[in-house]
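Remarks on the structure that follows.
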Amino acid sequence: MVVEEAMVIGQQSISSWSGEASYDLEDDLHSKVANYVAKMDVEPEALRVTFAYKALQGCAQALRLPASSVYLHRESFRSEKVSCFWSHSWHGGPWMKILSLMTRYNGLPAVLLGFFTAVLATGLFSYGFLPGISGFPSDPGLKWSAWSLGSGFAVALITFFLWRPQQLVFLDGICVNQHDHQQKAASIFSLAGILKRSDQMLVLWDSTWSDRLWCVFELSAFLKSKQASERVLVISPTFLGPCSIILFISVFIMMLPVIIVPMLGLYSASGQSVFLIPTCSAVLFIFVTGYFVVVALRRYFRSVETLKEKLRNINFDNTRCACCDQGHLCEGAPMLCDRRIVKKCVSIWFGSPEAFEDYVRSEVFQALVQELQENVFTRTWNLSVSIPILWAFLDFGASWALGEREEAAIGAWIEGIVLWFWCAPIFIDYCTFFARKYCKCGTSKFREVLQNLKVLLIGSVFFAVILTSYILLTAGGLRATGVFAGVWSTLGLCHVLYDAFKAW
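The sequence shown begins at 42 in the numbering used here and counts up one residue at a time.
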């Protein structure tokens with residue numbers, strides 16, 4: 042994270058010594074600074090926070106623009122505690138970080154409000170309070186609903202962009218005064234103390250994060266400042282935000298034919314040929330959007346494998362920091378060396394840099410890898426990105442309910458719940474498993490494409506299994522729907538129990 046320029050305090054002192062002070066005096070200054078930082082004290086003005094929505098406003102300009110180019114410090118204020126410390130690399134893609142933060146803080150409220158809106162629309166349409174469209178020439182009295190899917194998606198989209206999360210967070214681009222060198226230095230010196238007073242540390246992880254000296258320092262300070270039972274370390278891959286948004290929109294597009302085709306009167310009012318609609322949309326989804334999702338998944342799991350190698354060989358001397366890149370000069374004047382200060386701090390906390398590196402290779406390695414491999418695509422995430430499936434079937438059932446076909450309405454609602462709550466999470470877990478298994482990069486572009494197509498084909502086969510079972514098991518009315526629900530609920534429950542057993 043932190044402003045990776047220099048610890049500029051003492052800069053004038055070094056400059057005045059440059060021709061006369063010995064290395065011992067310079068080393069003494071680095072030791073004094075390191076001892077101060079290692080105490081984890083905080084300058085009163087340095088412990089500042091901002092609201093999460095403030096950090097995201099203006100398309101999160103605090104993450105997009107150079108810290109010195111905008112004055113955002115006025116959006117922060119003093120506090121005794123920090124709810125969440127945001128750790129990120131300035132060398133990672135800014136939009137990836139922004140979309141990941143929006144997904145983390147606004148995603149769940151968006152999905153929940155969209156869900157409640159869709160349920161409300163279903164009830165209002167079922168009782169005739171909302172207008173419908175006639176799409177069945179054989180039964181002009183039957184009206185079709187598009188309210189649940191449409192309103193759910195619209196409300197979710199609006200909430201995603203307009204929600205104002207109130208959590209108190211520390212973001213360097215706002216909470217560190219970039220235009221006052223004295224305050225900036227105080228904030229940098231207080232960094233370890235700020236981490237000590239943070240309830241949670243959120244790592245916006247990308248492939249550059251583990252290469253930056255200050256990111257490694259933040260991790261070491263947070264681990265040292267907390268007992269194991271008190272640590273709340275959250276790893277959020279920046280890849281997850283764009284991936285979540287793309288999947289959510291893709292599932293919405295996939296379900297559009299379920300409500301559009303009946304409006305055009307392209308299938309019978311009996312509903313027997315309804316399976317043709319998801320079949321056609323599924324083909325489009327799997328072979329167009331699905332391919333790019335597979336590419337992104339495999340690339341993500343390859344980056345996790347790269348992280349494993351970096352953590353196994355972690356070394357403070359291999360990390361990068363701006364002061365060393367600049368030759369320890371800031372605007373022509375000498376500056377303190379971040380690497381020497383950080384190594385001294387870590388030596389005070391862990392005994393030696395080598396002891397911290399061993400700690401990272403053991404406990405931190407296991408925690409980070411498990412978080413990035415096992416705890417990213419959670420069941421909550423699966424249900425959130427696939428919820429348009431449920432919204433479409435709410436519309437389907439509402440249409441039958443308005444036409445006083447209660448059995449067909451109940452059947453449609455049960456089918457939607459089963460497909461969303463049981464089938465979709467199994468399918469997503471199945472696809473991510475094989476994307477991770479075959480994440481190794483092909484030896485040529487052609488072989489890389491073949492690997493993507495192999496994972497895509499495996500996912501398509503499983504999708505075909507779900508679709509075939511849906512077609513065959515729901516063709517006989519409500520009783521057949523009950524069989525479909527029973528089969529997939531049993532499989533889904535076994536899947537949940539297996540995951541729980543594996544985690545245990």
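Beta carbons are placed, not taken as given, at the ideal position from N, Cα and C, and that holds for glycine.
Inter-residue CB distance, residue 496 and residue 335 (contact presumed, cutoff 8 Å): 5 Å
CB of residue 259 within 7 Å of CB of residue 425, strictly: no
Meets three-Cβ-pair contact criterion under 8 Å: the segment 438-447 and the segment 413-430: no
Does DSSP put residue 454 in a helix, a strand or coil? helix
To the nearest angstrom, report how far apart residue 397 and residue 238 are at their CA atoms. 21 Å
Whole-angstrom distance between residue 516 and residue 541, CA atom to CA atom: 34 Å
Extract the residue ranges of the beta strand (DSSP E) inside the segment 414-485, only unbroken runs of 3 or more that lie entirely within it. none
Proximity winner among 465, 479, 383 and 149, relative to residue 503 (alpha-carbon distances): 465
Cβ atoms of residue 344 and residue 248: under 7 Å apart, would you say? yes
Give the single residue among 339, 218, 377 and 122 whose Cα lies nearest to the Cα of residue 482. 339
Tell whether a beta-carbon distance below 7 Å holds between residue 215 and residue 101. no
What residue from 531, 145, 438 and 507 has the CA that sits closest to residue 185's CA? 438
Separation of residue 131 from residue 212, as counted between CA atoms: 12 Å
Taking the alpha carbon of residue 280 as the reference point, which residue from 240, 140 and 82 has its own alpha carbon closest? 140
What three-state label does DSSP hand residue 371 in the structure shown? strand
Tell me, to the nearest whole angstrom, how far the beta carbon of residue 536 is from that of residue 467; I am working on the premise that it is less than 8 Å. 5 Å
May I ask which residues mark the beginning and end of the alpha helix (DSSP H) holding residue 92? Here residue 92 belongs to no alpha helix (DSSP H); instead the beta strand (DSSP E) covers 89-92.
Give every residue of the same chain whose Cβ lies closer than 7 Å to the Cβ of residue 252, excluding the five residues on either side of it in the sequence, and list them in chain order. 360 and 361
From residue 299 to residue 278, what does the alpha carbon distance come to, in whole angstroms? 33 Å
In chain order, what are the residue ranges of uninterrupted beta strand (DSSP E) at least 3 long that sit wholly in the segment 242-286? 242-246 and 274-278
Starting from residue 136, trace the alpha helix (DSSP H) both ways and give me its first and last residue. 135-167
In whole angstroms, what is the alpha-carbon distance linking residue 365 and residue 95? 33 Å
Cβ of residue 79 within 7 Å of Cβ of residue 389? yes
Which residues share a DSSP beta bridge with residue 239? 123
Which term fits residue 255, buried or exposed, when burial requires 16 or more other beta carbons within 10 angstroms of its beta carbon? buried
Quick one: what's residue 184 bridged to in DSSP? 175
Would you mind sorting residue 282 into buried or exposed? The rule is 16 or more other CB atoms within 10 Å of its CB. buried
Is residue 106 helix, strand or coil by DSSP? coil
Quick check on residue 436: buried or exposed, where buried means 16 or more other Cβ atoms within 10 Å of its Cβ? buried
Just confirm the distance between the C-beta atoms of residue 161 and residue 429, as a whole number of angstroms; I'd bet it's less than 8 Å. Not quite, the Cβ-Cβ distance comes to about 16 Å (not below 8 Å), so this is no contact.
Specify the secondary structure class of residue 231 as computed by DSSP and reduced to three states. coil
Thinking C-beta only, is residue 455 closer than 7 Å to residue 531? no
Give me whichever residues DSSP pairs with residue 128 in a beta bridge. 244
For residue 202, does the count of other Cβ atoms within 10 angstroms reach 16, so buried, or fall short, so exposed? exposed
When 121, 76, 511 and 469 are compared against residue 453, the one with the closest alpha-carbon: 511
Confirm, please, whether the CB-CB distance from residue 480 to residue 342 is below 7 Å. yes
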